[in-house]
Amino acid sequence: MSMLHTVNKSPFERNTLVSCLGHATAGSAILLIEDGVYGALEGTAHSDLLRGALAEHSVYVLGPDLNARGMTDAQVIEGVSVVDYGGFVDLTEKHEKVQAWL
Amino acid sequence: MSEPWEEEGPGTIKKFMYVNRKPPYGTIYALESLEVVLIAAAFEQDVSMAFLDDGVYQLKKGQDTKGIGQKNFSPTYRALEGYDVEKLYVEAESLAERGLSEDDLLVPVEVMSREALAELMNEQDVILSF
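Structure follows, in structure tokens:
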């Protein structure tokens with residue numbers, strides 16, 4: 048049973064991403080949205096956390112939320128896929144359930 | 019003719035610091051802080067803004083909000099100078115943790131250490147947190 052996890056909080060401000068990664072079983076997908084997109088960026092104090100998650104999970108980040116915050120695809124950790132709203136819909140369709148980590 | 023709130027003559031000028039610790043768009047804090055700063059600027063107080071923790075993200079260059087259907091309020095930071103809000107302090111440690119440098123910011127600021135910012139906080143009469 049595959050799960051899509053969404054994270055919408057900055058990893059600097061909350062432990063939401065850590066908690067999500069601690070509970071997400073192998074093979075489930077992670078989508079970073081809203082302030083959660085800061086967790087997808089290269090060169091930050093939390094980059095290693097997400098890089099480690101790539102071994103067991105497919106990880107996505109919502110492009111419009113990145114761009115709103117002045118970030119580009121080039122700043123995203125290698126292996127993380129940037130998706131648009133259509134891609135978000137596709138992900139929810141592809142997975143049986145969605146767990147939103149607020 | 020003087021306005022009613024000016025009748026007691028020139029009031030004491032207090033040092034106000036607005037402390038910004040939240041990133042933009044995910045919550046309303048960053049925008050509300052700007053609104054309050056602009057209002058307060060009309061009262062001719064000694065106003066400064068500090069950006070630390072995720073608050074430094076408010077000043078990130080290149081914000082483009084077309085995709086999320088929200089107003090891009092980042093140009094407002096460049097207009098603050100016109101309201102005599104010229105003291106923008108950014109904490110160096112917060113930038114470094116986020117892989118950012120002064121060049122990533124959209125407005126001239128004074129980057130300072132956490133220690134120096136703490137000192138500055140101690141000197142304030144009023145601190146407002148956002």
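Going down the list, the sequences are from chains A and B.
Taking the working numbering, the leading residue of the first sequence gets 48, the next gets one more, and so forth.
Taking the working numbering, the leading residue of the second sequence gets 19, the next gets one more, and so forth.
Glycine included, each C-beta is placed from N, C-alpha and C at the ideal position.
Check, Outcome
"Three-way DSSP call (helix, strand, coil) for Gly60(B) in this model", "As written in the sequence, residue 60(B) is Ala, which differs from the Gly given in the question. Looking at Ala60(B) - three-state DSSP - the assignment turns out to be coil, as it is neither helix nor strand."
"Buried or exposed (CB count within 10 angstroms, at least 16 for buried), Val54(A)", "buried"
"Beta-carbon contacts of Tyr101(B) that lie in its chain and below 7 angstroms, excluding the five residues immediately before and after", "Leu56, Ala59"
"Beta-carbon neighbours of Thr83(B), restricted to chain A and to distances below 7 angstroms", "Ala115"
"Asn140(B) - DSSP class collapsed to helix/strand/coil", "helix"
"Per-residue contacts from Tyr85(A) into chain B (C-beta, under 8 angstroms)", "Pro41, Asp72, Tyr75, Arg116"
"First through last residue of the beta strand (DSSP E) which encompasses His52(A)", "50-54"
"Neighbour flag for Glu89(A) against chain B, beta carbons, 8 angstroms", "yes"
"Those runs of the alpha helix (DSSP H) which lie wholly inside the stretch 33-97 of chain B and span at least 4 residues", "47-59, 93-97"
"Pair within 8 angstroms by beta-carbon distance, Leu51(A) and Thr139(A)", "yes"
"Per-residue burial, Val65(B) [other beta carbons within 10 Å of its own, 16 or more giving buried]", "buried"
"Chain-ordered residues of the stretch 56-75 of chain A with a beta carbon less than 9 angstroms from chain B", "Lys56, Ser57, Phe59, Glu60"
"Spatially closest choice to Lys89(B) from Asp143(B), Gly29(B), Ser147(B), Tyr43(B), by CA coordinates", "Tyr43(B)"
"Ser75(A) versus Val125(B) - alpha carbon distance", "41 angstroms"
"Residue range of the unbroken alpha helix (DSSP H) whose run includes Ala114(B)", "110-115"
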